[in-house]
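Below is one structure; the comments refer to it alone.
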Amino acid sequence: MYWTWLYKAVCVIIFVLYFSKISSQIVTGGNAQYGFIMPHHPEMKSLIKGHVKSFDLFLEFPTNGKQEWHYRYNFPTWGVSFYTADLANREQTGWALGVYPYFNLPLFSGKSFRIKQKVGWGVGYLTKYFHRQENHKNIIVGSAINAIVNLTTSAEIDISKKIKSRIAFSFIHFSNASYAQPNLGYNLPAASLGFLYSFGNTDTPKNADTLADFKTTFYVSSIVAGGVKEILPAGGKKYPAFVHSLDAAYRFTYKSGVALTGDLYYNTSIKERLQRDTISVTDVGIMQPGVALFYRIYFGKINMSLGMGTYIYSRLKDDGIFYHRFITRYQLNERIFLNVVLKTHFFKADFAEFGIGYHLWKK
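Residue numbers (the working numbering): 5 to 367.
See the structure below:
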């Protein structure tokens with residue numbers, strides 16, 4: 005499995021390099037990583053047999069200065085990464101694989117030294133996961149297909165004009181957002197050492213002489229979304245869940261802003277959980293109104309938010325009063341945007357939201 009995955013990743017990289025215009029800059033490279041599985045639940049400890057050895061190959065491309073956010077972020081790069089990890093327990097946890105797009109944002113840029121922050125998420129695959137007969141001790145994840153999220157802070161040092169070394173600290177997360185149980189998820193912190201090679205023109209575009217003055221923006225949006233989730237025991241029914249949010253956002257710089265949302269959740273799994281505890285509840289009674297505060301960053305048509313909220317009312321007490329949301333949005337036009345959210349209760353995923361939003365008012 006490992007070598008097949010690695011072979012396919014190398015073939016994709018060679019194909020892109022061969023058919024690309026070599027006059028434009030393309031960076032490729034790899035990182036060898038050494039880390040561990042965070043045992044954020046006591047029952048996970050018996051599954052951890054050693055350190056996690058992982059490797060990723062990537063293709064990375066520069067931004068070209070054709071959009072204003074390229075200048076505002078000091079020409080970040082973007083790319084696609086192919087990730088593979090040996091989870092140190094071949095029989096029960098197996099291998100973790102992933103493919104994800106990412107941004108690499110410059111935090112500090114010197115003449116031959118740079119510090120960057122990588123943010124990416126995509127599709128992950130686990131070779132071993134919970135199965136009632138074949139792998140009942142794996143209480144970490146209940147499905148092969150998962151989301152993978154990567155946060156990496158790295159330092160790059162120039163060896164030559166085209167070759168660079170990279171040391172980094174990363175945090176990688178695998179989860180199916182409670183689509184299938186169990187879903188404790190993998191949290192994989194790691195240190196890494198890697199090398200990069202640049203093809204084509206290695207010159208960075210020059211900064212614009214002047215940029216348009218930024219005007220603060222206030223807007224109100226309406227978002228509707230839904231998803232499905234499973235509750236324990238594993239292998240049971242999929243329950244639909246819905247949310248309507250009113251989002252009041254203030255963008256105070258070109259890069260960032262804050263938002264306050266009013267959320268109304270209708271999660272049908274709550275009724276089943278309460279009935280198991282012999283608590284009678286109506287369909288209206290399972291609604292969960294809440295308010296949440298977010299920090300938001302903008303990359304052209306894409307923006308991302310991370311925030312924490314509290315339920316104003318909830319008959320279900322087991323999950324606590326706080327919830328968290330990681331939001332990614334893509335602006336389709338001036339008014340309409342796509343909305344993808346991972347909702348959690350601290351480190352425990354609740355469900356993934358997929359929806360659409362509309363700017364009701366903007367000033």
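Glycine included, every Cβ here is placed at the ideal spot set by N, Cα and C.
Just measuring C-alpha positions, the residue of Lys321, Ile274, Trp73 and Lys347 sitting nearest histidine 328 is Lys347. For arginine 333, there is no enclosing alpha helix (DSSP H); the enclosing beta strand (DSSP E) covers residues 326 to 335. Residue environment for glutamine 37: buried (at least 16 other C-beta atoms within 10 angstroms of its C-beta).
Between threonine 220 and the set Ala238, Leu197 and Lys259, the nearest pair of CA atoms involves Lys259. A straight-line Cα-Cα distance of about 8 Å links leucine 197 and serine 169. An exposed status is given to serine 116, since fewer than 16 other beta-carbon atoms sit within 10 Å of its beta-carbon. The closest CA to that of phenylalanine 173, considering only Glu276, Met308, Thr156 and Ile331, is found on Thr156.
Residue burial is scored here from C-beta neighbours: alanine 253 has at least 16 other C-beta atoms within 10 angstroms and is therefore classed as buried. Put simply, the backbone Cα of tyrosine 299 is about 11 Å away from that of phenylalanine 256.
Residue range 352 to 366 is occupied by the beta strand (DSSP E) that includes histidine 363. Counted as a single uninterrupted DSSP element, the stretch harbouring glutamate 47 is not any alpha helix (DSSP H), since DSSP gives it neither H nor E. Judged by DSSP in its simplified three-state form, arginine 277 adopts helix. In the three-state reduction of the DSSP assignment, valine 84 falls in the strand class, which pools E and B. Collapsing the DSSP output to three states places glutamate 234 in a strand. By a beta-carbon distance limit of 8 Å, valine 123 does not contact tyrosine 190. Their separation comes to about 18 Å. With distances taken between CA atoms, phenylalanine 218 lies nearest to Gly261 out of Gly261, Lys321, Gly83 and His55. Residue pairing of alanine 92 in beta bridges, as defined by DSSP: absent, with no partner found. In the DSSP annotation of this structure, the continuous segment of the beta strand (DSSP E) that includes glutamate 64 starts and ends at 56 to 66. Assigned with DSSP and collapsed to three states, histidine 74 falls in helix. For the 8 Å CB-CB criterion, glycine 83 and phenylalanine 62 form a contact.
Boundaries of the beta strand (DSSP E) around serine 169: 167 to 179. Taking C-beta atoms as the reference points, threonine 286 and methionine 308 fail to come closer than 8 Å. For glycine 313, the secondary structure class from DSSP, reduced to helix, strand or coil, is strand.
Each of Val127, Tyr201, Lys367 and Ile52 was checked against the Cα of isoleucine 163, and the nearest Cα belongs to Tyr201. The alpha-carbon of glycine 311 is positioned some 33 Å away from that of threonine 282.
With distances taken between CA atoms, leucine 297 lies nearest to Leu250 out of Arg277, Ser284, Leu250 and Gln335. Straight across, the Cα-Cα distance linking alanine 229 with histidine 44 is about 29 Å. Lysine 241 and methionine 291 have their C-alpha atoms spaced approximately 20 Å apart. The Cβ atoms of valine 345 and alanine 353 do not sit closer than 8 Å to each other. The C-beta of valine 288 has fewer than 16 other C-beta atoms within 10 Å across all chains shown, which makes the residue exposed. Contact annotation, lysine 120 with proline 110: C-beta distance approximately 6 Å; criterion of less than 8 Å satisfied. Our two residues, lysine 49 and alanine 184, have alpha carbons roughly 21 Å apart in a direct line. For glycine 39, the secondary structure class from DSSP, reduced to helix, strand or coil, is strand. Nearest to leucine 236 by C-alpha distance, out of Ser85, Pro186, Val31 and Leu192, is Pro186.
Phenylalanine 199 is bridged by DSSP to Gly34 and Ser169. Shown here, valine 285 sits in coil according to DSSP, grouped into three states, outside any helix or strand.
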